[in-house]
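See the structure below:
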């Protein structure tokens, strides 16, 4: 499996180059999670959160206790 640091660098480089307009929700959420979850792969977490809550808006509006689960 790819090193999470390489993946983070690619996502950040793409963001700097293209902005968020061309990102799907998973990558936007992943980018945000990079700053909340240091030194860990956040791909699976972003996918699970979007599967559970349905959209990035619902993830961001979710109660803290539900997010912790």
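Numbering (my numbering), first residue to last: 489 to 557. Just so you know, even glycine gets a beta-carbon here, dropped at the ideal spot from N, CA and C.
query: Look at the alpha carbon of residue 506 and the alpha carbon of residue 521, and state the distance between them as a whole number of angstroms.; result: 19 Å
query: Would you mind giving the Cβ-Cβ distance between residue 536 and residue 518, rounded to the nearest angstrom? I have them listed as a contact below 8 Å.; result: Not quite, the Cβ-Cβ distance comes to about 12 Å (not below 8 Å), so this is no contact.
query: Exposed or buried, which one is residue 538 when buried takes at least 16 other CB atoms within 10 Å?; result: buried
query: Excluding the five sequence neighbours on either side, which residues of its own chain have a C-beta within less than 8 Å of the C-beta of residue 499, listed in chain order?; result: 515, 518, 519 and 522
query: Taking the alpha-carbon positions, what's the residue 553 to residue 524 distance?; result: 16 Å
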